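Numbering (the working numbering), first residue to last: 1 to 326. Even glycine gets a Cβ: it sits at the ideal position worked out from N, Cα and C. None of these values were measured; they are calculated from a predicted model.
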Amino acid sequence: MDFLAELDYLALGSRLKRLSDQLISEVTQTYKTLNIDFNPRLFPLLQLLYRHGPNSISELSQALGVTHAAVSQMAHMMVKSKLAIKQPDPKDERRQLLELTPQANQLYQSLIPLWQAMHSTLQQFGSQQGLLLLPAISAMEQAIRQNSLQQTWLAKLNHIQDNVSQTSSSPTEIKLSGWQPEWREQFAALNLQWLERYFSVTELDKYALFHPEEYYLNEGGYILFAATDDQPIGAVALKRITADTFELSKLAVEETHQQLGIGRRLMLYAISMATMVGAQCLVLQSNRQLKAALHLYRELGFKETGPIDGLPEFPRADIYMEKTLR
1 MDFLAELDYL ALGSRLKRLS DQLISEVTQT YKTLNIDFNP RLFPLLQLLY RHGPNSISEL
61 SQALGVTHAA VSQMAHMMVK SKLAIKQPDP KDERRQLLEL TPQANQLYQS LIPLWQAMHS
121 TLQQFGSQQG LLLLPAISAM EQAIRQNSLQ QTWLAKLNHI QDNVSQTSSS PTEIKLSGWQ
181 PEWREQFAAL NLQWLERYFS VTELDKYALF HPEEYYLNEG GYILFAATDD QPIGAVALKR
241 ITADTFELSK LAVEETHQQL GIGRRLMLYA ISMATMVGAQ CLVLQSNRQL KAALHLYREL
301 GFKETGPIDG LPEFPRADIY MEKTLR
């Protein structure tokens with residue numbers, strides 16, 4: 001029995017902590033087996049200092065997204081282990097900079113092959129059965145940054161309390177995943193719902209929907225799904241336009257599951273995916289008639305612009321938007 005798994009999203013923090021502890025334990029044992037004297041909890045700070053050079057504790061704290069106290073503790077451990085030293089900033093002697101020692105640089109170089117082996121293994125585990133672990137984590141992080149959890153929880157609590165007389169039921173679990181070949185027909189069906197309702201289906205639409213591998217995947221793009229009970233109820237596609245630009249298109253949610261935030265989750269998933277693979281910019285074309293979609297795009301940082309070179313031509317497009325990722 002896995003009780004934390006039974007608690008679903010209520011135990012998300014506990015499950016992530018458990019996973020983190022398991023990974024740290026495995027790495028620690030691996031280092032011991034190879035007679036490597038290094039605390040894996042210092043890995044992020046070592047990487048940051050190696051790649052970006054000396055920095056103050058405040059700057060390191062901001063870059064890592066952890067507290068000043070936590071970075072100070074890691075810095076103290078690195079200094080004690082002779083992996084780092086503190087020196088005055090040559091531009092401002094009132095500031096102290098943390099800098100790697102030659103011993104740390106030598107250690108870093110010696111660990112590169114092992115880290116490559118670790119990265120390959122964890123990437124394999126994280127993408128099993130079509131799941132994309134890192135994009136999902138990134139999407140969750142971005143959603144939390146953009147929305148106060150406390151305010152959202154309290155608002156939902158008030159809503160629940162206002163409706164205590166209604167029969168309560170457990171929310172349906174929504175899972176996000178990458179391309180699933182067996183869902184090819186559903187990808188087309190989900191999009192045909194809104195295309196046929198608001199517009200006419202063009203030949204380019206048909207090619208994109210009925211030949212998604214050729215139109216999206218084989219050109220370096222992605223198709224992402226939201227599913228419940230192992231059935232897709234939403235989808236979104238990323239079409240590669242240039243080496244660092246993707247077009248976001250074919251966002252669709254099954255009509256019976258709309259107004260549940262699924263479109264937002266798919267959008268955050270797509271933004272996270274594009275960011276992870278190195279995209280600099282996301283673009284889209286839409287129609288001003290789709291007010292709910294446009295509202296969502298603006299909420300997520302898309303800005304209206306003029307016609308964009310390289311986009312496929314759809315007669316219904318009368319608005320163009322873009323979002324800078326880096």
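Answer yes or no: do P135 and S272 have a C-beta to C-beta separation smaller than 8 angstroms? Numbered from 1 along the sequence shown, position 135 holds the residue referred to as residue 135. Numbered from 1 along the sequence shown, position 272 holds the residue referred to as residue 272. Yes. Within cutoff.
Inter-residue Cα distance where the pair is L251 and G234: Indexing the sequence shown from 1 puts residue 251 at position 251. Indexing the sequence shown from 1 puts residue 234 at position 234. Between L251 and G234, the C-alpha separation is close to 8 angstroms.
For a quick check, are the C-beta atoms of K239 and E219 less than 8 angstroms apart? Within the sequence shown, numbered from 1, the residue matching residue 239 stands at position 239. Within the sequence shown, numbered from 1, the residue matching residue 219 stands at position 219. In this structure, E219 lies closer than 8 angstroms to K239 by Cβ.
DSSP three-state call for N55: helix, strand or coil? Position 55 of the sequence shown holds residue 55. DSSP places N55 in strand when its eight states are reduced to three.
Can you confirm whether the stretch 169-189 touches the stretch 251-268 when touching is taken to mean that 3 or more C-beta pairs between the two stretches lie within less than 8 angstroms? Output reads yes: the stretch 169-189 touches the stretch 251-268.
With 16 other Cβ atoms within 10 Å as the buried cut-off, status of E247: On the sequence shown, residue 247 is found 247 positions in, with the first residue counted as 1. E247 comes out buried.
Option nearest D244 by Cα separation, candidates E313, T228, F225, G278: Within the sequence shown, numbered from 1, the residue matching residue 244 stands at position 244. D244 has its Cα closest to that of G278, out of E313, T228, F225, G278.
Between the CA atoms of S56 and L48 - distance to the nearest angstrom: Taking the sequence shown and counting its residues from 1, one reaches residue 48 at position 48. Taking the sequence shown and counting its residues from 1, one reaches residue 56 at position 56. Roughly 12 angstroms separates the two Cα atoms.
Counting C-beta neighbours from all protein chains within 10 Å, is the total for S25 16 or more, i.e. buried, or is it exposed? Within the sequence shown, residue 25 is the residue found at index 25, counting from 1. Exposed, by the Cβ-count rule.
May I have a chain-ordered list of the alpha helix (DSSP H) segments no shorter than 4 residues that lie completely inside the stretch 21-90? For the stretch 21-90, whole alpha helix (DSSP H) runs of length 4 or above, ordered along the chain, are 43-52, 57-64, 68-80.
Any contact between the stretch 216-230 and the stretch 283-292? By contact I mean 3 or more CB pairs, one from each, below 8 angstroms. By the Cβ criterion, the stretch 216-230 is not in contact with the stretch 283-292, since fewer than three pairs of Cβ atoms, one from each stretch, lie closer than 8 angstroms.
Cutoff 7 angstroms; reference R316; Cβ partners in own chain excluding five residues on either side: Your numbering for residue 316 matches position 316 in the sequence shown. Correct list, in chain order: F199, N287.
Hey, A69 and A84: beta-carbon distance below 8 angstroms or not? Your numbering for residue 69 matches position 69 in the sequence shown. Your numbering for residue 84 matches position 84 in the sequence shown. Here A69 is not near A84, since their CB atoms are 8 angstroms or more apart.
Check for me: the alpha helix (DSSP H) holding Y9 runs from which residue to which? Here residue 9 corresponds to residue number 9 of the sequence shown, with the count starting at 1. No alpha helix (DSSP H) holds Y9; DSSP gives it neither H nor E.
Is it the case that the Cβ atoms of Y222 and Y216 are separated by a distance below 8 angstroms? One-based indexing of the sequence shown puts residue 222 at position 222. One-based indexing of the sequence shown puts residue 216 at position 216. Yes, they are a contact pair.
Taking the alpha-carbon positions, what's the T305 to Y320 distance? The sequence position of residue 305 within the sequence shown is 305, counting from 1. The sequence position of residue 320 within the sequence shown is 320, counting from 1. Roughly 5 angstroms separates the two Cα atoms.
Proximal residues to R326 (C-beta, below 7 angstroms), its chain only, five neighbours per side dropped: For the purposes of this step, residue 326 is taken as residue 326 along the sequence shown, with counting starting at 1. Here R326 has Q280 as same chain residues with Cβ atoms under 7 angstroms from its own Cβ, once five neighbours each way along the sequence are excluded.
Restricting to runs no shorter than 4 residues, where is the alpha helix (DSSP H) found entirely within the stretch 203-227? Complete alpha helix (DSSP H) runs here, min 4: 203-210, 212-215.
Out of E203, A274, V201, state which residue places its alpha-carbon closest to the alpha-carbon of V236. Within the sequence shown, the letter at position 236 stands for residue 236. Cα-wise, what sits closest to V236 is A274.
When we look at the beta-carbon of K17 and count the other beta-carbons within 10 Å, is it buried (16 or more) or exposed? Start at 1 with the first residue of the sequence shown, and residue 17 comes out as number 17. Classification for K17: exposed.
Beta-carbon proximity list for M74, same chain, < 6 angstroms, skipping 5 on both sides: Within the sequence shown, residue 74 is the residue found at index 74, counting from 1. Only residues of its own chain outside the window of five on either side were considered, and among them L42, L45 have a CB closer than 6 angstroms to the CB of M74, listed in chain order.
Assuming the contact rule is C-beta atoms closer than 8 angstroms, L97 and Q109 should be a hit. Round their C-beta distance to whole Å, please. For this step, residue 97 is matched to residue 97 along the sequence shown. For this step, residue 109 is matched to residue 109 along the sequence shown. Wrong, their Cβ atoms sit about 22 angstroms apart, outside the cutoff.
Assuming V283 contacts E322 under a Cβ cut-off of 8 angstroms, what Cβ separation, rounded to an integer in Å, is found between them? The sequence position of residue 283 within the sequence shown is 283, counting from 1. The sequence position of residue 322 within the sequence shown is 322, counting from 1. In this structure V283 is in contact with E322, their Cβ atoms being roughly 5 angstroms apart against a cut-off of 8 angstroms.
Bridge partners - L321, DSSP secondary structure assignment: Here residue 321 refers to the residue found at position 321 when the sequence shown is read from its first residue. Note on identity: in this sequence residue 321 is Met, with Leu being the wrong assignment. Answer by DSSP bridge pairing, in chain order: L284, E304.
Excluding the 5 residues flanking R264 on each side, which residues of the same chain have their C-beta closer than 7 angstroms to its C-beta? Position 264 of the sequence shown, counted from the start, is the residue given in the question as residue 264. Shown here for R264: same chain residues with a beta carbon closer than 7 angstroms to its own, the five before and five after excluded, namely L296 in chain order.
What separation, rounded to the nearest whole angstrom, lies between the Cα atoms of R95 and G53? Taking the first residue of the sequence shown as position 1, residue 95 is located at position 95. Taking the first residue of the sequence shown as position 1, residue 53 is located at position 53. When rounded, the distance between both Cα atoms is 15 angstroms.
Which residue comes first and which comes last in the alpha helix (DSSP H) that contains E99? Reading the sequence shown from its first residue, position 99 is the one you call residue 99. Note, E99: premise wrong, no alpha helix (DSSP H); beta strand (DSSP E) at 92-100.
Sub-8 angstroms separation of L12 and A139 beta-carbons: Walking along the sequence shown from the start, residue 12 turns up at place 12. Walking along the sequence shown from the start, residue 139 turns up at place 139. For L12 and A139, no; Cβs fall outside 8 angstroms.
Nearest candidate by alpha-carbon position, reference K175, set R197, D205, T121, L266: As a first step, residue 175 must be located in the sequence shown, where it is residue number 175. In terms of CA proximity to K175, L266 leads the group R197, D205, T121, L266.
Report all residues from its chain with a CB closer than 6 angstroms to the CB of W179; omit the five preceding and five following residues, and keep chain order. What you label residue 179 is simply residue 179 of the sequence shown in a count that begins at 1. Cβ neighbours of W179 beyond the five flanking positions: I223.
Any idea which residues DSSP pairs F246 with across the strands? Against the sequence shown, residue 246 aligns to sequence position 246. When DSSP reads this structure, F246 sits in a beta bridge with R240, L282.
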